[in-house]
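Asker:
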Amino acid sequence: MNTTRNPGMHRLGAVMGLGLSLAMFACGGGGGGSTDTTGTAGTTTGSTGTTTAPTTGTTTDDTTTSSTPPTTTTGDGTTSTSNTTTDATTTSSTSTGDEAEPSLSFFVSSTGSPTANLGGLEGADQRCQDLAEAVGAGAKTWHAYLSVENGPNDQPVHARDRIGAGPWYNADLVMVAADLADLHTKDGDAAIFLDENGDMVPGQWDGSPAPNQHDILTGTNKDGTVTPGKTCADWTSEDPALFAQVGHSDGLGPMGSDAEQYRSWNSVHESGGCNDTAPKGGAGRIYCFASD
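Read in order, the letters of the sequence shown correspond to residues -26 to -1, 1 to 266 in mature numbering (1 follows the signal peptide of the UniProt record, and there is no 0).
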């Protein structure tokens, strides 16, 4: 007698068998089977069955980046999901303090005065401010490097006390001096002591145009303090019997001599008279410093 198999029953039996196998595996029935995990396929293989996790992660050295949380199978058959994601690349940044960019903070005035009557310190300061404004540096506070004998409360005012603490840069953004101590050790230098336009002041340097204008009004000693009797009545007089102390912007003397007595940028000799700044090589120019 022939027996006809029922396909449905056969499939049902297969499904039940598979379910029983999976249940046994979940309960630890897989025994001591080994587990092989690969990051690229996300496949875990045991001794009794194969499960595939829907992962697309990649493994590189000790760092794993995955688009889905990784699934881990423990020895007792349970699974756990990690919610920790490790970035493959960590970027760190180091913050440094802002440093001020060099900008124009010193110049020899490109214009001068035929006499030493500059309108006092106020008039001289205004000249510096106006010249700085013309080259786009008017946002700073500019002071003339000039000393007076009778300032507020009839006390002297020293040029070094009017110009801030430095550093100071010329129109080429070359540092003239780092601070007051450094400034007052300097010699004149035609390539450093430029006007606000970046031009060299006519002087005794080789190739200089005429006339010589390197005598710069200061009324000051080499250390930056007032020279008594050499300020043309605190920059208000045109008396030919009075004089002003001057320095050499190029640090040179007659015939380009660099002898010690000619080098000082702020104190070399007295002028020819407060009535005329030209004799001896002047043009009534002044030094201008940004004080802030």
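Heads up, the beta-carbon is just placed ideally off N, CA and C, and yes, glycines get one too.
Would the segment 108 to 118 count as touching the segment 174 to 181 if we require 3 or more Cβ pairs under 8 Å?
Answerer: no
Asker: What span of residues does the beta strand (DSSP E) with arginine 259 cover, start to end?
Answerer: Position 285 of the sequence shown, counted from the start, is the residue given in the question as residue 259. It spans 256 to 264 - the beta strand (DSSP E) in which arginine 259 sits, taken as one unbroken run.
Asker: Would you kindly work out how many angstroms separate the C-alpha atoms of serine 238 and aspartate 224, rounded to a whole number?
Answerer: One-based indexing of the sequence shown puts residue 238 at position 264. One-based indexing of the sequence shown puts residue 224 at position 250. Cα to Cα, serine 238 sits roughly 9 Å from aspartate 224.
Asker: For leucine 168, collect the residues of the same chain with a Cβ closer than 7 Å to its Cβ; drop the 5 residues on either side in sequence, then sort them by chain order.
Answerer: Position 194 of the sequence shown, counting from 1, holds the residue named residue 168. So the list reads Phe81, Val82, Asn144, Ala145, Asp146, Met174, once near-sequence residues are dropped.
Asker: The beta strand (DSSP E) with tryptophan 116 in it runs from where to where?
Answerer: The sequence position of residue 116 within the sequence shown is 142, counting from 1. Segment 116 to 118, the beta strand (DSSP E) holding tryptophan 116.
Asker: In this structure, what does DSSP give as the bridge partners for leucine 191?
Answerer: Along the sequence shown, one-based indexing puts residue 191 at 217. Looking at the DSSP assignment, leucine 191 forms a beta bridge with Val220, Ile260.
Asker: With a threshold of 16 other CB atoms inside 10 Å of the CB of asparagine 186, please say whether the residue is buried or exposed.
Answerer: Residue numbering aside, residue 186 sits at position 212 when the sequence shown is read from its first letter. Classification for asparagine 186: buried.
Asker: Hey, could you find the ends of the alpha helix (DSSP H) alanine 90 is sitting in?
Answerer: For this step, residue 90 is matched to residue 116 along the sequence shown. Alanine 90 -> no alpha helix (DSSP H), and no H or E assigned at all.
Asker: Going by beta-carbon coordinates alone, are leucine 120 and alanine 139 separated by less than 8 Å?
Answerer: Here residue 120 corresponds to residue number 146 of the sequence shown, with the count starting at 1. Here residue 139 corresponds to residue number 165 of the sequence shown, with the count starting at 1. No, they are not a contact pair.
Asker: What three-state label does DSSP hand aspartate 161 in the structure shown?
Answerer: The sequence position of residue 161 within the sequence shown is 187, counting from 1. Aspartate 161 falls in the strand class under three-state DSSP.
Asker: Between which two residues does the beta strand (DSSP E) harbouring valine 151 extend?
Answerer: The residue labelled residue 151 in the question sits at position 177 within the sequence shown. Strictly speaking, residue 151 in this sequence is alanine, with valine absent from that position. Per DSSP, alanine 151 belongs to the beta strand (DSSP E) from 149 to 151.
Asker: Thinking just about the alpha-carbon of each residue, which of Leu105, Gly93, Ala252 is nearest to the one in cysteine 262?
Answerer: Taking the first residue of the sequence shown as 1, we reach residue 262 at position 288. It is Leu105.
Asker: Would you kindly check if the distance between the Cβ of threonine 89 and the Cβ of aspartate 208 is under 8 Å?
Answerer: By 1-based counting over the sequence shown, the position of residue 208 is 234. By 1-based counting over the sequence shown, the position of residue 89 is 115. For aspartate 208 and threonine 89, no; Cβs fall outside 8 Å.
Asker: Could you give the C-beta distance for histidine 222 and histidine 188, rounded to a whole number, given that I count them as a contact under 8 Å?
Answerer: On the sequence shown, position 248 is the one that residue 222 refers to. On the sequence shown, position 214 is the one that residue 188 refers to. Their Cβ separation, rounded to whole angstroms, is 5 Å, which keeps histidine 222 and histidine 188 in contact under 8 Å.
Asker: Which stretch, first to last residue, makes up the alpha helix (DSSP H) that contains tryptophan 209?
Answerer: Here residue 209 corresponds to residue number 235 of the sequence shown, with the count starting at 1. Tryptophan 209 -> alpha helix (DSSP H) spans 206 to 209.
Asker: Quick check on the DSSP output: the beta strand (DSSP E) that includes valine 82 runs from which residue to which?
Answerer: Counting from 1 along the sequence shown, the entry for residue 82 is found at position 108. 80 to 82 is the extent of the beta strand (DSSP E) around valine 82.
Asker: Name the residue from Gln103, Asn240, Gly93 whose alpha carbon lies nearest to the alpha carbon of arginine 134.
Answerer: Translated into positions along the sequence shown, residue 134 becomes position 160. Closest by alpha carbon: Asn240.
Asker: Once DSSP output is grouped into helix, strand and coil, what is the label at leucine 154?
Answerer: Translated into the one-based positions of the sequence shown, residue 154 becomes position 180. Reduced to three states, the DSSP call for leucine 154 is helix.
Asker: Taking the alpha-carbon of valine 85 as reference, which of Leu157, Leu216, Arg259, Asp266 has the nearest alpha-carbon?
Answerer: Stepping through the sequence shown from its first residue, residue 85 is reached at position 111. The question names valine, yet the displayed sequence has threonine at residue 85. Answer by Cα proximity: Arg259.
Asker: Can you give me the Cβ contacts of residue 271 inside the same chain, cut-off strictly under 8 Å, excluding the 5 residues immediately before and after it?
Answerer: Beyond the ends of the chain as shown, which are -26 and 266, falls residue 271; an answer cannot be given.
Asker: Would you kindly check if the distance between the Cβ of valine 200 and the Cβ of glutamate 123 is under 8 Å?
Answerer: Here residue 123 is taken as the residue at index 149 of the sequence shown, counted from 1. Here residue 200 is taken as the residue at index 226 of the sequence shown, counted from 1. Their beta carbons are under 8 Å apart, which means glutamate 123 touches valine 200 by this criterion.
Asker: Comparing C-alpha positions only, which one of Gly172, Ala164, Lys196, Gln103 sits nearest to aspartate 156?
Answerer: Position 182 of the sequence shown, counted from the start, is the residue given in the question as residue 156. Out of Gly172, Ala164, Lys196, Gln103, Lys196 has the C-alpha closest to the C-alpha of aspartate 156.
Asker: Just to confirm my understanding: we take threonine 115, look at its own chain, exclude 5 residues before and 5 after, and list those with CB closer than 6 Å. What are they?
Answerer: Counting from one through the sequence shown, the residue named residue 115 turns up at place 141. Excluding positions up to five away in sequence, the list reads Ser265, Asp266.
Asker: Mapping DSSP to helix, strand and coil, what is leucine 226?
Answerer: Start at 1 with the first residue of the sequence shown, and residue 226 comes out as number 252. Coil, per DSSP.
Asker: Using the Cα positions of alanine 184 and alanine 152, report the straight-line distance between them to the nearest angstrom.
Answerer: Position 210 of the sequence shown holds residue 184. Position 178 of the sequence shown holds residue 152. Cα to Cα, alanine 184 sits roughly 32 Å from alanine 152.
Asker: Can you look up glutamate 244 in the DSSP assignment and give me helix, strand or coil?
Answerer: Here residue 244 refers to the residue found at position 270 when the sequence shown is read from its first residue. Note: glutamate 244 maps to strand in three-state DSSP.
Asker: Distance, Cα to Cα, alanine 165 vs leucine 95?
Answerer: Walking along the sequence shown from the start, residue 165 turns up at place 191. Walking along the sequence shown from the start, residue 95 turns up at place 121. The alpha-carbon atoms of alanine 165 and leucine 95 are separated by roughly 27 Å.
Asker: Taking only three categories from DSSP, how would you classify serine 40?
Answerer: The residue you call residue 40 lines up with position 66 of the sequence shown. Confidence in serine 40 is poor, its pLDDT being 41 and thus under 50, which makes the residue's placement unreliable; the coordinate value appears in the next sentence. Coil at serine 40, not helix or strand.
Asker: Tell me whether glycine 193 is buried or exposed, calling it buried when 16 or more other Cβ atoms sit within 10 Å of its Cβ.
Answerer: Residue mapping note: residue 193 aligns to position 219 of the sequence shown, counting from 1. Label assigned to glycine 193: buried.
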